[in-house]
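Colleague:
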Amino acid sequence: MYFQIKEIVLWPKNRRFKPRHLPFELGKVNVITGGSRTGKSAVIPIIDYCLGSGKCRIPVNTIRDSCEWFGVVVQTDSGQKLFARREPGTQKATGDMFLLEAPTIDIPERIESKNVTVEEVKRSLNEIAGLTALDFDTEDTGSGFKARPSFRDLGAFNYQPQNVVANPDVLFFKTETYQHREKLRTIFPYVLNAITPEQMAKRYELISLRKELRRKENELATVSQVSERWMGEIRARASEAKELGFIQQSIRPEVTREELVDLLTQVVHSSTDKVRVTEQTISEAIEELVGLQNEESTASMELSHLRKRFSEMSSLRETSIQYKDALAVQRDRLGVSGWIRNLHKEKHDCPLCGNPITESTNNLDALEHALSEIEEEAGRFDTVPAAFDREFERIKSEIRTLSEKLRGIQIRREALEQRSDEAKQTQYDSLRASRFIGNLEQSLHTYARIGTDSELDNEVRKLRERVNALEREISEEEVENKRKRALNAVRSN
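Residue numbers (the working numbering): 7 to 499.
And the structure:
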């Protein structure tokens with residue numbers, strides 16, 4: 007991130023005077039000197055206030071009595087930005103702000119009204135800094151100290167006002183309060199790059215997969231939490247029994263698995279002589295089939311939209327990486343132009359032909375111009391928002407849930423359709439009824455040992471493998487090692 011202060015601007019309340027400009031030199035350390043009570047200590051509070059602080063710490067009296075708006079111009083990779091904020095008067099702060107963005111900004115003589123709010127400015131600063139949109143509260147504890155990192159949190163590393171320098175017990179700005187200190191402690195590994203946005207996204211994926219794994223394991227072990235697929239098979243058996251006349255009463259949509267198994271067990275022990283096929287039972291089966299087809303169509307459309315969204319987001323992520331790598335390759339290849347230009351300035355011989363370099367060529371100018379365009383493009387590219395990780399994980403979770411639901415509907419529909427032709431041809435003869443009883447009896451044995459279902463075993467095995475892989479990738483030990491390496495690098499400098 008390239009973010010340097012270019013200028014501080016003060017707009018007076020007295021409109022007979024022009025705005026006061028305090029310029030800074032980019033890429034250098036700027037030292038402000040002056041006599042006592044001339045406003046030196048107000049520089050940091052003015053910058054902090056214009057960058058979205060929750061409280062105005064600009065000294066009262068002269069400066070605040072004379073100024074209507076405070077502003078700061080910053081230079082970024084994508085150009086200049088003016089962040090101006092109204093003097094709060096008797097309030098602690100105001101949300102009225104004025105934002106200008108351009109390659110080169112013309113400072114207005116007057117600011118008549120706001121055009122953004124302080125919250126919009128904070129979001130803009132978060133995008134400029136390229137901060138992740140994921141928070142650290144992966145367990146949904148509701149802790150305010152584990153919210154997503156923000157540009158305001160990074161202010162602890164940007165300012166060293168007098169009160170911090172003079173306090174031997176405080177190292178960072180605003181860490182004298184418990185809330186800021188705990189938030190800084192949370193985001194510190196992220197600031198040191200010990201935790202990356204990719205690792206945070208994987209943490210959310212790991213939490214989601216762990217929940218699904220626990221559900222599948224409970225399904226295998228206790229049969230208390232049944233997946234949509236097994237419930238679909240049981241309902242299909244019950245619907246077929248109703249078609250054949252073994253069941254007379256209607257089956258409630260909210261019926262439990264245990265109730266269905268008890269009902270089917272009674273069917274197994276009943277006599278095939280009691281089979282009563284009526285127009286009503288057939289009609290109810292057809293209505294159920296139509297309802298299932300409508301449910302399947304709706305679920306398929308929803309799943310199609312989700313998969314399209316997932317494909318687009320995956321393509322965007324891959325294209326972003328490829329484009330960034332391509333810009334880096336072009337920048338490295340064109341970088342030789344600067345070296346050749348320096349040789350020309352120092353009157354060296356040409357490294358290619360060995361002859362003296364006597365004058366700049368159009369080709370060298372073209373190379374340098376192309377390099378500047380590549381660097382400008384790379385700067386703009388770095389500001390592309392990367393805050394869609396949470397949406398990416400939500401889409402994946404919804405696809406898994408909806409796919410399982412659709413599979414349950416398809417099982418029931420396929421069972422009904424498969425029986426439909428047979429019902430028309432044989433009119434539910436006693437042979438089919440006997441065959442159904444035999445199949446149903448075998449199915450009840452299968453339900454009794456549902457925990458040994460091979461397909462479900464494979465799902466649990468794959469989930470465990472993915473969970474184990476993610477745990478290795480984002481292990482706390484690795485994060486701690488990266489944090490220590492980063493701290494050692496800071497200490498060595």
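Each residue gets a CB set at the ideal place from its N, CA and C atoms; glycine is no exception.
If we count Cβ pairs, one from each stretch, closer than 8 Å, do we get three or more for the region 191-203 versus the region 169-180?
Modeller: Judged by Cβ distances under 8 Å, the region 191-203 makes no contact with the region 169-180, as fewer than three pairs qualify.
Colleague: So, at 6 Å on beta carbons, what are the nonlocal neighbours of residue 282 in its own chain, with the 5 sequence-adjacent residues on each side left out?
Modeller: For the purposes of this step, residue 282 is taken as residue 276 along the sequence shown, with counting starting at 1. Here the model assigns residue 282 a pLDDT of 49, short of 50, so the residue's position is not dependable and the matter cannot be decided.
Colleague: Would the region 98-110 count as touching the region 121-136 if we require 3 or more Cβ pairs under 8 Å?
Modeller: Touching, yes.
Colleague: For the region 295-304 against the region 258-275, are there 3 or more C-beta pairs whose distance is under 8 Å?
Modeller: With a cut-off of 8 Å, the region 258-275 and the region 295-304 do not count as touching, because too few Cβ pairs lie within range.
Colleague: So residue 242 packs on residue 418, CB below 8 Å; how close in whole Å?
Modeller: For the purposes of this step, residue 242 is identified with residue 236 of the sequence shown, where counting begins at 1. For the purposes of this step, residue 418 is identified with residue 412 of the sequence shown, where counting begins at 1. The pair is a contact, with the Cβ atoms about 5 Å apart (cut-off 8 Å).
Colleague: Check whether the Cβ atoms of residue 47 and residue 65 lie closer than 8 Å to each other.
Modeller: Residue 47 sits at position 41 when you count from the first residue of the sequence shown. Residue 65 sits at position 59 when you count from the first residue of the sequence shown. Yes, the pair counts as a contact, with Cβ atoms nearer than the cut-off.
Colleague: From residue 475 to residue 481, what does the alpha carbon distance come to, in whole angstroms?
Modeller: To locate residue 475, count along the sequence shown from 1; it is residue 469. To locate residue 481, count along the sequence shown from 1; it is residue 475. One C-alpha to the other measures close to 10 Å.
Colleague: Who are the near neighbours of residue 30 in its chain, counting only those whose CB is closer than 7 Å to its CB and skipping five residues on each side?
Modeller: Here residue 30 refers to the residue found at position 24 of the sequence shown. Counting only Cβ-Cβ distances below 7 Å, and skipping sequence neighbours, we find 11, 12, 13, 36.
Colleague: Assign residue 434 to one of two classes, buried (16 or more other C-beta atoms within 10 Å of its C-beta) or exposed (fewer than that).
Modeller: Here residue 434 corresponds to residue number 428 of the sequence shown, with the count starting at 1. Because residue 434 carries a pLDDT of 48, less than 50, the predicted location of this residue cannot be relied on, and the following value inherits that uncertainty. Buried.
Colleague: Quick one: using the 10 Å Cβ neighbour count with 16 as the cut-off for buried, is residue 124 buried or exposed?
Modeller: Stepping through the sequence shown from its first residue, residue 124 is reached at position 118. It counts as buried.
Colleague: Short check: CB of residue 399 to CB of residue 211, under 8 Å?
Modeller: Stepping through the sequence shown from its first residue, residue 399 is reached at position 393. Stepping through the sequence shown from its first residue, residue 211 is reached at position 205. Taking 8 Å as the Cβ cut-off, residue 399 and residue 211 qualify as a contacting pair.
Colleague: What are the complete alpha helix (DSSP H) segments, minimum 4 residues, inside the region 150-228?
Modeller: Fully enclosed alpha helix (DSSP H) runs of 4 or longer: 168-172, 184-197, 203-227.
Colleague: Determine, using beta carbons only, whether residue 316 and residue 240 come nearer to each other than 8 Å.
Modeller: Locating residue 316 in the sequence shown gives position 310, counting from the first residue. Locating residue 240 in the sequence shown gives position 234, counting from the first residue. No; because the gap between Cβ atoms is not below 8 Å, this pair is not in contact.
Colleague: Considering only the beta carbon of each residue, do residue 99 and residue 62 sit closer than 8 Å?
Modeller: Along the sequence shown, one-based indexing puts residue 99 at 93. Along the sequence shown, one-based indexing puts residue 62 at 56. In this structure, residue 62 lies closer than 8 Å to residue 99 by Cβ.
Colleague: According to DSSP, what are the bridge partners of residue 26?
Modeller: Position 20 of the sequence shown holds residue 26. Per DSSP, 16.
Colleague: How big is the Cα-Cα spacing for residue 38 and residue 166?
Modeller: In the sequence shown, the residue the question calls residue 38 occupies position 32. In the sequence shown, the residue the question calls residue 166 occupies position 160. Looking at the two C-alpha atoms, the distance is approximately 14 Å.
Colleague: Name the DSSP bridge partner or partners of residue 73?
Modeller: Taking the first residue of the sequence shown as 1, we reach residue 73 at position 67. Paired residues: 18.
Colleague: How is residue 11 classed by DSSP in three states: helix, strand or coil?
Modeller: As a first step, residue 11 is located in the sequence shown; it is residue number 5 there, counting from the start. Three-state result, residue 11: strand.
Colleague: Under 8 Å, do residue 18 and residue 74 count as touching if we go by C-beta distance?
Modeller: Taking the first residue of the sequence shown as position 1, residue 18 is located at position 12. Taking the first residue of the sequence shown as position 1, residue 74 is located at position 68. Against a cut-off of 8 Å, the Cβ pair of residue 74 and residue 18 comes out as a contact.
Colleague: Give me the residue from 186, 488, 15 with the minimum Cα distance to residue 155.
Modeller: As a working note, residue 155 is residue 149 in the sequence shown. For residue 155, the nearest C-alpha among the options comes from 186.
Colleague: Let's see if you can read the secondary structure: which residues bound the beta strand (DSSP E) around residue 91?
Modeller: Here residue 91 corresponds to residue number 85 of the sequence shown, with the count starting at 1. From DSSP, the beta strand (DSSP E) with residue 91 extends over 85-92.
Colleague: Per DSSP, which one or two residues make a beta bridge with residue 268?
Modeller: Within the sequence shown, numbered from 1, the residue matching residue 268 stands at position 262. Paired residues: none, contrary to the question.
Colleague: Quick check on residue 296: does DSSP put it in helix, strand or coil?
Modeller: Translated into the one-based positions of the sequence shown, residue 296 becomes position 290. Three-state DSSP puts residue 296 in a helix.
Colleague: Is it the case that the region 109-118 contacts the region 166-176, given that we only count it when at least three CB pairs across the two stretches are under 8 Å?
Modeller: Touching, no.
Colleague: Under the three-state reduction of DSSP, which class applies to residue 99: helix, strand or coil?
Modeller: If you number the sequence shown from 1, residue 99 lands on position 93. The answer is coil: DSSP assigns residue 99 none of H, G, I, E or B.
Colleague: Under a three-way DSSP split, which group does residue 408 fall into?
Modeller: Working through the sequence shown from its first residue, we reach residue 408 at position 402. Here residue 408 sits in helix by DSSP.
Colleague: Does residue 422 pass the burial test, meaning 16 or more other C-beta atoms within 10 Å, or should it be called exposed?
Modeller: As a working note, residue 422 is residue 416 in the sequence shown. Classification for residue 422: buried.
Colleague: Could you check the C-alpha separation between residue 238 and residue 257 for me, to the nearest Å?
Modeller: The residue given as residue 238 occupies position 232 in the sequence shown. The residue given as residue 257 occupies position 251 in the sequence shown. C-alpha separation (whole angstroms): 13 Å.
Colleague: Taking DSSP as the reference, what is the three-state secondary structure of residue 118?
Modeller: Position 112 of the sequence shown holds residue 118. Of the three classes helix, strand and coil, the one that applies to residue 118 here is coil, per DSSP.
Colleague: Tell me, please, whether the CB atom of residue 412 is closer than 8 Å to any CB atom in chain C?
Modeller: Structure shown: chain C not included; a single protein chain is present.
Colleague: Does DSSP classify residue 252 as helix, strand or coil?
Modeller: Translated into positions along the sequence shown, residue 252 becomes position 246. Note: residue 252 maps to coil in three-state DSSP.
Colleague: Assign residue 468 to buried or exposed, taking buried as 16 or more other Cβ atoms, counted over all protein chains shown, within 10 Å of its Cβ.
Modeller: Within the sequence shown, residue 468 is the residue found at index 462, counting from 1. Per the 10 Å Cβ criterion, exposed.
Colleague: If we count the other Cβ atoms within 10 Å of its Cβ and call it buried at 16 or more, is residue 138 buried or exposed?
Modeller: Along the sequence shown, one-based indexing puts residue 138 at 132. By the 10 Å Cβ count, residue 138 comes out buried.
Colleague: Note the first and the last residue of the continuous alpha helix (DSSP H) segment covering residue 135.
Modeller: Numbered from 1 along the sequence shown, position 129 holds the residue referred to as residue 135. Unbroken alpha helix (DSSP H) run through residue 135: 124-135.
Colleague: Within the continuous alpha helix (DSSP H) that includes residue 261, where are the two ends?
Modeller: Taking the first residue of the sequence shown as 1, we reach residue 261 at position 255. Unbroken run through residue 261: none, as it is neither H nor E.
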